[in-house]
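Notes to accompany the following structure.
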Ligand SMILES: Cc1ncc(C[n+]2csc(CCOP(=O)(O)OP(=O)(O)O)c2C)c(N)n1
Ligand SMILES: Cc1ncc(C[n+]2csc(CCOP(=O)(O)OP(=O)(O)O)c2C)c(N)n1
Ligand SMILES: [Mg+2]
Ligand SMILES: [Mg+2]
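Chains as they are written, first to last, in this note's numbering: chain A, 912 to 1333; chain B, 912 to 1333; chain C, 227 to 563; chain D, 227 to 563.
Now the structure itself:
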């Protein structure tokens, strides 16, 4: 080893990332490099991951600044499909608004909006088959809505009421439906990632044709489970789409705390020899096209794809959060990639397939529909007001058969409640 | 979503990696692409990681096929340093031979050789300062030897005898010495990785000039801790060198099970925006040069470097392993990158600074030295033959102060042994 | 001296330690600029600087892992795990590394790490914001487990934990961050400032680890509790007019066995209360110890009142929670026994 | 019928399950071509194919995590964790996911996963090849914990575990893979083929989960043990000529409380033996339960003989191990009490 005395070097310093803007600052995203729509190339979906590393540093965009579809990634969807997509995104937003308010009114304990990120869930779902299995995080309610899952059922879950299929056991928004090919959402970040890979491995091992898709936030990519998923996905070439929703914030921590200062999140794929795409997450056509490309890849045994959706969390993290305490108030409005609903709307209008009046009417219709659903759901009860599941259900489903100690505990609870007259 | 019926696609298949050769096969590494010495460029150590991603797919080599130093990475070391390096590597090998035999003779429970990989530990240590903190795996005994740590002390640990500084508590080869700037080796793979990053972060936070270095096997890069380390290293630009010793095997699993089929291990660095080097691990000059470059980078606040050392585990995983059960017997001899000791020896001879006779004499001298040290160590006892640490030591160092329950348990043990007359 | 909430007291403990010892370093998710999702670290980054109080990636294994490395360097890290429910990914670094390094290195590498984490239920947090995993940690040799029940203790114990040269897991009962809780979820909550508790010194002081507190003397039955359940248990015995001795364990490991033993030998009866699931909860260890050491004094079986052996159910939280009815029933039974 | 070692019996169980159920899938580090570091899966890949028996990356969290996904698909995965000491990185997926999914999804997603892992000491394996972490798992609602003590049970219990529709952690006492162990480490070891134990059917059969076995009837004291310690305890009582009833728990959760209760009520005394560290070990739960349910029958405190509360010490293994002297002393004491 070098036996020279310690060289005359400057002292080391610890770099602690700092976001560009804090409360009071005027946000200005000039430093965010936004590649033009249409410039990022589209390789064949069968190409080797090693031949397309640059995609991780590109930005797949279809809608240009005038919301016109351009370039090789244009999925050329029929207007009818586009309108359905628009409707699903708008419904997602209306639903979010209503449920957020319900929480504020004390009707439930918790809610999480996906405002500004609707395309990431909705457009991706449109590019998947109905029975492809989704392993989402808590911010992809758009998947269920795109699959026409009844919003009343979602609300019952949010209210933990007596019609909640999950028996009031889960925190609001932690949906689960096997029939909807939508895996039980976990409170523990990123656990769904290796699960999705395992599901995809099973599908492959069985010679099935269904693939898996999973989502997590950019902050969650820091978890060990993210790495586990990438490892198993690359080793077994699992037919899975791994979506990283880079909405710039993880509660109060900006993306720099999950490695965003050093490179893109799509670049993670490069590290594992996985195909990686970086996509304008506020461009529904780009999200659709990237997902369809990755799905094709997966279905033809070409293995996994990691997609970074570059987007922005326009609202607070959850009803427990107050973003004005840590970020500039005008970031959302200054976000250079716009709003996914507005962009698709403009696109459809540009195609002559939509207009402002229809859009306004749809907004009203959706708001009414959500309101009606809410009324319906509230008939089944709201949280903490008595119309919950029977107490005995607490002891069910821990195991397939209830072991003696749970039987005893249940009986004890019954006896105690009876004795107390409640 | 697409409502088309399931398209007429071929069934999915699960890819399960398979190594090229199995017992009985004749190994032939033509498929291993070996870049020529000198061709991989050497960027400035201050350059941005994003400008040198291609290095992860190159191969830093200094010694060419004739063991002549060529190219930009030649560290141009003085012959004296080269001789010391050679000696440390040869001593490591002699030590391994002797201790392996001691285990076979029943003098201890376990041993792990580093045969064929001596450069990865020894040459790297030569490029670090004596007080740079090392967080090794179990296969870098070469670090201690390069730092002239007494081999008797290492043997005392291997024998768990009464002179073992670690009080017989650790499995053989799990060395630890604060004075030697060598962190306690863990049985749990890759745990040392985030620890090294944390140490480096602390050094940086304190304005120190010492850096950290850590090592793990290619198999261990699959662990979540590897990801944790890379995450924290990139976010805080920690002054740390992360060495991945790609010796092709993880017990019976070839590198394909840790992602080696899809890309290089150096590429992992690219995923995090970290500088990544891929190095001929059997070329001591290349290992030295890469480490010196990474150390310079770390010391000048340019952050972490991940170095893949491309090498081969020439012997079994440990004394508990029989590699003939799962790999071709002649892989080691067919390994295209040769043996690090032989290559450095030839290089020195080529320089006119060494000769066969001196080498043979050194081998004899080192064997004698190790033998003498062994004799010395065995005076302090071997495992399971009585000369262990006093029984009471078992209860020490669990906490700084022994709590009542450990006092009681110790007293109980004393009383029971006394009553039993043992 | 000041009236502080528990969260303020915890904040103050870290503030004091940061000021006194340049090696104290705070890290965790959202704990820097923002000051933590429960505001436990509010203001500390602004006051002590970004290299001493900083946010981390969302990776609990990494948080503990780098803390181990920092401790090996010589720092005194105080990592926060945002919710105890999320500690499992960090368990290996805590159990296999931090807790063992003094032993492994025969004293050369010591681990003065204090892992803080809010735990427990009663806030409608659902399965993953309500758990009480403390028993697992008490099973790990080399780790201390500390749980305060009021602002004064919280600050004094946390300072002791940070100053301790061994790893400590410091679970904070989030239900009582802002005010104590008597178990009657349907009654209005009193903030700490409105209740009769010792004022909290603004400066440095310690409450020693390993010492329980007798929060209520009594002679008919001993109640062992910690965290939130100290208040629920105390309120219950008072409402029922039972002459119970209520002991707040404060430290689970090392346990204050002397205080427990003396009390049970005096009362001859023992009820243990915790929120965690029953089977292999810390109540099991307490019951085992009490019957081992007070066997000939016991007039009734040592009895446990705990969370049921199910995941934490969101909507049925108050049926699950070991509240006044369940504790009261157990007390009645033990007193009859 | 055949004389099998425990490792052969375990191998046979997986072989039988793979053959009977196309959804059974085995995965783990080094378990494929090589057949596992203890040979538990030898020959299974060659027989059942690479997509049903395969090696994995060294990532225990991933192994359990993908098993959860596979189970969600409909497979019946049997992951191996190479040593129980390495299970911590996989704990979150086991505790927060596998164990909770039936509950979380109200029965829609079920997790028929059997995690196999060699555990326990007595092989000079040092700190990280000797641990007995079973207590932690028994604290987790939704998880079953099974530990066999002989080849017949190992196969029958493992088949039951694999066929069970809930997650099971199946700890294999590696000290007795090849032969039983009476605790006298200085005596030669008998292979299973040389000892009197029930022959193992080569085909399918089950030993039910949740049922203990009385391996020796007796009337003076009940000894509760599992895994290796069943043999050590039995040899000890026999050498000492104590009329003890020795119960092999076989399943820790759900526990066979009926058998335990009946025995202790008969003998009036109870000694619990396990290798794991004492504090909050499973012995604590057993002691708590026994005194809760048999209080008025007990003549002496329920007593635990366990590993000491230290990490597992390499060279002092036999002083640490709860061997015949320590068990004998405890028995003498309890019989006096
Ligand atoms: C294992 C774990 N650690 C911490 C948390 C607390 N937590 C909940 S959401 C969140 C931020 C996640 O951010 P990101 O992944 O970017 O997703 P986003 O909320 O932006 O959609 C944190 C830290 C958790 N739920 N699970
Ligand atoms: C967490 C953990 N999992 C599994 C093991 C068992 N194990 C010990 S060494 C080893 C292989 C490691 O291979 P690699 O990282 O390539 O290092 P090498 O032995 O080749 O130097 C395994 C699986 C362990 N020690 N720790
Ligand atoms: Mg985010
Ligand atoms: Mg290797």
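Note that CB positions come from ideal geometry on N, CA and C, so glycine has one too.
- Item | Continuous alpha helix (DSSP H) stretch holding residue 1100 (chain A): start and end | First-last for residue 1100 (chain A): undefined, no H or E at that position.
- Task: Spell out a yes or no on whether the stretch 1024–1033 of chain B and the stretch 1299–1306 of chain B are touching, meaning 3 or more CB-CB pairs, one atom from each, closer than 8 Å.
- Result: no
- Query: Using 8 Å as the threshold, is the stretch 339–347 of chain D in touch with the stretch 355–374 of chain D, meaning 3 or more CB pairs across them?
  - Reply: As far as the Cβ criterion goes, the stretch 339–347 of chain D touches the stretch 355–374 of chain D, which means the pair count is three or higher.
- Message: Less than 7 Å separating the Cβ of residue 489 (chain D) from some heavy atom of ligand 1?
- Response: No, since every heavy atom of ligand 1 falls outside the 7 Å radius drawn around the Cβ of residue 489 (chain D).
- Cβ of residue 1100 (chain B) versus every heavy atom of ligand 2: is any distance shorter than 7 Å? yes
- Query: Where are the alpha helix (DSSP H) runs, 4 residues long or more, that stay fully inside the stretch 327–383 of chain C, in chain order?
  - Reply: 327–330, 360–364
- Query: Using a Cβ-Cβ distance under 8 Å, would residue 557 (chain C) count as near chain A?
  - Reply: no
- Task: Residues of the stretch 1217–1251 of chain A with a CB closer than 7 Å to any CB of chain F: list them in chain order, please.
- Result: Included in the structure are the protein chains A, B, C and D, with no chain F among them.
- Item | Counted within 10 angstroms of its Cβ, other Cβ atoms place residue 469 (chain D) as buried (16 or more) or exposed | Classification for residue 469 (chain D): exposed.
- Task: Check whether the Cβ atoms of residue 1164 (chain B) and residue 255 (chain D) lie closer than 8 Å to each other.
- Result: Result yes, Cβ atoms of residue 1164 (chain B) and residue 255 (chain D) sit closer than 8 Å.
- Output the boundary residues of the beta strand (DSSP E) element that contains residue 500 (chain D). 496–503
- Grouping DSSP H, G and I as helix and E and B as strand, with all else coil, what is residue 268 (chain D)? coil
- Which value, in whole angstroms, describes the spacing of the CA atoms of residue 533 (chain D) and residue 435 (chain C)? 25 Å
- Residues near ligand 4, CB to any non-hydrogen atom under 7 Å, in chain order? B:1128, B:1129, B:1130, B:1156, B:1157, B:1158, B:1159, B:1160, B:1161, B:1224
- residue 1030 (chain A) to residue 294 (chain D), Cα distance in whole Å? 28 Å
- Which one or two residues does DSSP pair with residue 1220 (chain A) in a beta bridge? A:1156, A:1190
- Query: Skipping 5 residues on each side, what residues in its chain have a beta carbon closer than 6 Å to that of residue 1032 (chain B)?
  - Reply: 1051, 1053, 1054
- Item | Where residue 1044 (chain B) falls: helix, strand or coil (DSSP) | Three-state result, residue 1044 (chain B): strand.
- Query: Does ligand 1 have a heavy atom nearer than 7 Å to the CB of residue 1050 (chain A)?
  - Reply: yes
- Message: Between residue 263 (chain C) and residue 325 (chain C), how many whole angstroms is the CB-CB distance? I'm expecting something under 8 Å.
- Response: Actually they do not touch by this definition, with Cβ atoms about 27 Å apart.
- Measure how close the beta-carbons of residue 1229 (chain A) and residue 284 (chain C) come, nearest whole angstrom, since I'm counting them as under 8 Å. That belief does not hold up - the Cβ atoms of residue 1229 (chain A) and residue 284 (chain C) are roughly 15 Å apart, past 8 Å.
- State the DSSP-derived secondary structure class of residue 1206 (chain B), mapped to helix, strand or coil. helix
- With respect to 7 Å, is the separation between the Cβ of residue 315 (chain C) and the closest non-hydrogen atom of ligand 1 below this value? For ligand 1, a non-hydrogen atom lies closer than 7 Å to the CB of residue 315 (chain C).
- Item | residue 290 (chain D) at chain B interface by Cβ criterion, 8 Å | no
- Message: Give me the residue from C:297, C:314, C:437, C:329 with the minimum Cα distance to residue 374 (chain C).
- Response: Closest by alpha carbon: C:437.
- Task: Just the chain C side, please: which residues come within less than 9 Å of residue 1302 (chain A) by C-beta, in chain order?
- Result: 542, 545
- Item | Within chain B, the residues that residue 333 (chain C) reaches when beta carbons sit closer than 7 Å | Within chain B, 1308 have C-beta atoms less than 7 Å from the C-beta of residue 333 (chain C), given in sequence order.
- Task: Go to residue 1276 (chain A), then tell me how far its alpha helix (DSSP H) extends in each direction, as first and last residue.
- Result: 1267–1290
- Task: Please classify residue 913 (chain A): does DSSP put it in a helix, a strand, or coil?
- Result: Reliability fails at residue 913 (chain A), whose pLDDT of 42 lies under 50, so the model's placement of it is uncertain and the value that follows must be treated cautiously. Strand.
- Item | Through-space distance from residue 300 (chain D) to residue 335 (chain D), alpha-carbon basis | The straight-line gap from Cα to Cα measures roughly 9 Å.
- Is residue 1054 (chain B) near ligand 2, going by C-beta to nearest heavy atom under 7 Å? Checking every heavy atom of ligand 2 against the Cβ of residue 1054 (chain B), none is found closer than 7 Å.
- Item | residue 1065 (chain A), buried or exposed, once every other Cβ within 10 Å from all chains shown has been counted against 16 | buried
- Query: So, is the C-beta of residue 1094 (chain B) closer than 8 Å to a C-beta in chain A?
  - Reply: Using a Cβ-Cβ cut-off of 8 Å, residue 1094 (chain B) does not count as an interface residue toward chain A, since no Cβ of chain A sits closer than that to its own.
- Query: Does the Cβ of residue 312 (chain D) lie closer than 7 Å to at least one heavy atom of ligand 6?
  - Reply: As for ligand 6, it is missing from this structure, which binds only ligand 1, ligand 2, ligand 3 and ligand 4.
- Task: Have a look at the DSSP bridge pairing and note the partners of residue 254 (chain C).
- Result: C:281, C:306
- Cβ of residue 1316 (chain A) less than 8 Å from any chain D Cβ? By this cut-off, residue 1316 (chain A) is an interface position.
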